[in-house]
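Everything in the sequence shown is counted per the numbering used here, starting at 14 for the first residue and increasing by one.
By construction, the Cβ of each residue, glycine as well, lies at the ideal position given by its N, Cα and C atoms.
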Amino acid sequence: MLARLGAQLGRAQGTVVVSQAITGLGGVGKTQLAMEYIYRQQADPQTAYDLVWWLRADTVVNLAADMAALAVAVGAMSAENPDQQAALNAARRWLAQTDKRWLLLADNADDLPPRALNHYLPTGGKGHILITSRNPNWGGLVGQDAILPLDTFTRAEAIRFLQVRSRQFIAIFEGDKSPPTNREEEAEIGKLAELLGDFPLALEQAAAFMEARQMGCAAYRRLYETKRQEVWRRATPPDRYHATITTTWQMAFEQIQKRPGAVELLNLCCFLAPENIPLALFETSDFFEKSDVFTASAVSLADPLALADAVAALRRYSLVAREGESLRLHRLVQTVARDRMPPELARQWAEIAIEAIIQVLPDWTRLHEWEDGPVIVAHMVAAADLATEQGIETERLAFLCNWTGFYLKFRAEYEKARPYLERALAIHEKALGPDHPDTATSLNNLGYLLRAMGDLAAARPYLERALAIHEKALGPDHPHTATSLNNLALLLRAMGDLAA
14 MLARLGAQLG
24 RAQGTVVVSQ
34 AITGLGGVGK
44 TQLAMEYIYR
54 QQADPQTAYD
64 LVWWLRADTV
74 VNLAADMAAL
84 AVAVGAMSAE
94 NPDQQAALNA
104 ARRWLAQTDK
114 RWLLLADNAD
124 DLPPRALNHY
134 LPTGGKGHIL
144 ITSRNPNWGG
154 LVGQDAILPL
164 DTFTRAEAIR
174 FLQVRSRQFI
184 AIFEGDKSPP
194 TNREEEAEIG
204 KLAELLGDFP
214 LALEQAAAFM
224 EARQMGCAAY
234 RRLYETKRQE
244 VWRRATPPDR
254 YHATITTTWQ
264 MAFEQIQKRP
274 GAVELLNLCC
284 FLAPENIPLA
294 LFETSDFFEK
304 SDVFTASAVS
314 LADPLALADA
324 VAALRRYSLV
334 AREGESLRLH
344 RLVQTVARDR
354 MPPELARQWA
364 EIAIEAIIQV
374 LPDWTRLHEW
384 EDGPVIVAHM
394 VAAADLATEQ
404 GIETERLAFL
414 CNWTGFYLKF
424 RAEYEKARPY
434 LERALAIHEK
444 ALGPDHPDTA
454 TSLNNLGYLL
464 RAMGDLAAAR
474 PYLERALAIH
484 EKALGPDHPH
494 TATSLNNLAL
504 LLRAMGDLAA
């Protein structure tokens, strides 16, 4: 990233200012990257700027004040002159006319429209403008090629960061040489990095927490998994950041409250898998209209234009990324957004996510034709798991669990399928009773899976029980009874029990 940033800002510009925007989610390290670039440039006399000026671009008021202060600092305006607009104009003229090499860092330009920033900054001169922003829409000001979207660390980078930052390892290293560690320690660090989604601020926050308490990665991970919200509440801003994860995203969450449909879209996405969320999931409005958590304006998410507006509002703060006809968001954004919800609201959104997925499921008999299955299955798994975490035990969840297990079995992912079929059976037995036909369906599905796994002895009681329920509830001549008979017969043949 530093090399790309240097190449972009270092290109020949003549008398036209070269601008670069670093964009990304709050806490991903935009300001830190800019600071590192400046530090390296200033360390070399051949590349050092004559002037580096930091601008607070979070508001027009701060930006104007900092530009006026620049005019005073370079002698273009008297400190005794109270005319801020005159000082601003003087600063722009000085920057455009000076022979000095300068760099302006417009930091945290999250809410400032690019056209507004352009009004306050120079367009000519021998200088560079570096912008950091959660807003990815800077193409009109700097050009698409000059936008540097910053993502999370790679897993290797995250592990390396934790190894060094947590001070668990005493090592001095350079270049690509990693500090010494045994495989168990590195594996444990890798688990923590995965848990935190390789997110820079989350890793920094975890390292600061561990350092202050002399705690290792394994202990922190166990604490995080069981008491995450308490851990985050006790966190303090790490040295290199001004805020924690929760406070960093607080502003973004508050801003999208003003955008129709944006909060609802984010809340729904928080109960799905974080990647490859098809926009087609939102095209049917039935489950929107049935829920009382949707506002009248949010019901229109099924409308393509309203959905596009909601996506744009979330992109405005890098809370989601749009990739073709799908959305992607960081798992920590999902986690923090869910943690902000009251328990009852979280349950409602978990149930809405279940309905959203059920809407797009094909007929059981057409699994082999289901082209979207490999994408949707991740959301089936996530929605089922998150609903279970919320304590939901509805028939709709049982239906989704049965579907999830059945589809995973269809993909020959037997071990993954089993817990979902077991969960569906447990819900049916509790909600409907042990002798209900839907309970028999769950018994058949689980028995069928166990037979496919080669555990014939374990499969038999499930299939026998399913047959008994169907015979009693539906009669000996019902098609479901025939299916149960067929399943049991196939099992007995596989067991070599032909007499039975």
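Identify which residue in the options has its Cα closest to the Cα of residue i.
i	options	result
TYR62	LEU327, ILE142, ALA78 and ASP385	ILE142
PRO213	ALA479, ALA232 and ARG168	ARG168
ARG328	GLN227, THR496 and VAL276	VAL276
LEU134	ASN148, VAL155 and ARG105	ARG105
ALA502	ALA256, LEU487 and TYR475	TYR475
SER339	PRO287, LEU462, ASP448 and SER497	PRO287
ALA219	THR239, ARG464, ILE258 and ASN195	ILE258
PHE284	GLU402, ALA326 and MET223	GLU402
HIS381	GLN45, TYR420 and ARG226	TYR420
LEU163	PRO450, VAL388, THR378 and HIS343	HIS343
ASN131	ALA70, LEU175 and SER91	ALA70
GLU426	LEU463, LEU278, ALA89 and GLU238	LEU463
LEU332	ALA359, LEU345 and ILE370	LEU345
LEU469	ALA86, GLU207 and ASP510	ASP510
ALA391	PRO291, PHE222 and LEU505	PRO291
ALA430	ALA439, GLY140, GLU442 and ASN415	ASN415
ASP158	ARG17, ILE51 and ARG247	ARG17
GLU198	ASP398, THR249, VAL388 and LEU175	LEU175
VAL155	VAL388, GLY488, PRO355 and GLN33	GLN33
LYS113	LEU279, THR136 and VAL87	VAL87
ARG272	LEU320, ARG241, GLY446 and TRP66	LEU320
PHE423	LEU15, LEU459, PRO58 and TRP107	LEU459
VAL388	LEU118, ALA486, GLY42 and VAL373	VAL373
TYR330	LEU118, MET14, GLN21 and GLY40	GLY40
ALA82	GLU296, TRP107 and GLY137	TRP107
GLU47	THR111, MET80, ASN121 and VAL85	For the sequence presented, residue 47 should be read as Ala rather than Glu. The option with the nearest alpha carbon to ALA47 is ASN121.
ASP322	VAL349, LEU278 and GLN347	LEU278
LEU480	GLN110, GLY467 and ASP448	ASP448
THR249	GLU238, TRP151 and THR261	THR261
GLU436	GLY467, VAL394 and ALA465	According to the sequence as given, residue 436 is Arg; it is not Glu. That would be VAL394, whose Cα lies nearest to the Cα of ARG436.
PHE266	ARG247, PHE222, ASP352 and ALA225	ASP352
GLU201	PHE222, GLY229, GLU217 and ASP211	GLY229
TYR461	HIS483, ASN500, ALA486 and GLU442	ASN500
ASN289	ALA326, ARG335, GLN270 and GLN263	ARG335
ARG247	THR136, PHE222 and ILE172	PHE222
MET264	VAL349, ARG478 and LEU294	VAL349
GLN347	PRO127, TRP66, THR239 and LEU38	LEU38
Between which two residues does the alpha helix (DSSP H) harbouring residue i extend?
i	result
VAL388	386-402
LEU281	275-282
ILE258	258-269
VAL155	152-155
ASP451	450-465
PRO432	427-444
MET14	Note, MET14: premise wrong, no alpha helix (DSSP H); not H, not E.
MET223	213-226
THR239	230-247
GLY203	196-208
LEU177	Correcting the residue identity first, residue 177 is Val in this sequence and not Leu. Residues 168-178.
Tell me where the beta strand (DSSP E) around residue i begins and ends.
i	result
GLY140	140-146
ALA34	31-36
LEU410	That residue, LEU410, is in no beta strand (DSSP E); its alpha helix (DSSP H) goes 408-423.
Please name the residue or residues paired with residue i in a DSSP beta bridge.
i	result
PRO489	DSSP output for PRO489 lists no bridge partner at all.
GLN372	According to DSSP, GLN372 bridges with nothing at all.
ARG69	ASP120
ILE160	ALA34
PRO291	SER339
GLY19	Note: GLY19 sits in no beta bridge, so no partner.
LEU46	According to DSSP, LEU46 bridges with nothing at all.
LEU64	TRP115
Taking 7 Å as the cut-off, does the CB of residue i come closer than this to any heavy atom belonging to the ligand ADP?
i	result
GLY460	By its list of ligands, the structure shown contains no ligand whatsoever, and the ligand ADP lies outside what it can speak to.
(request) Could you name each continuous beta strand (DSSP E) segment of 3 residues or more that falls completely within the region 319-368, going from the start of the chain to the end? (result) Taking only runs of at least 3 residues, the beta strand (DSSP E) segments lying wholly in the region 319-368 are 334-336 and 339-341.
(request) Jot down the residue ranges of each uninterrupted beta strand (DSSP E) in the region 92-130, minimum 3 residues, whole runs only, in chain order. (result) The region 92-130 contains these whole beta strand (DSSP E) runs: 115-120.
(message) Quick test of the definition: if touching needs 3 or more C-beta pairs under 8 Å, does the region 447-464 touch the region 485-504?
(response) Two segments are said to touch when three or more pairs of C-beta atoms, one from each, lie closer than 8 Å; by this definition the region 447-464 touches the region 485-504.
(message) If contact is defined by three or more beta carbon pairs under 8 Å, each pair taking one atom from either stretch, is the region 355-369 in contact with the region 313-321?
(response) At 8 Å Cβ cutoff, the stretches do not touch.
(request) Examine the Cβ distances between the region 197-213 and the region 233-248 and report whether three or more of them are shorter than 8 Å. (result) Touching, yes, given that three or more Cβ pairs across the two stretches are closer than 8 Å.
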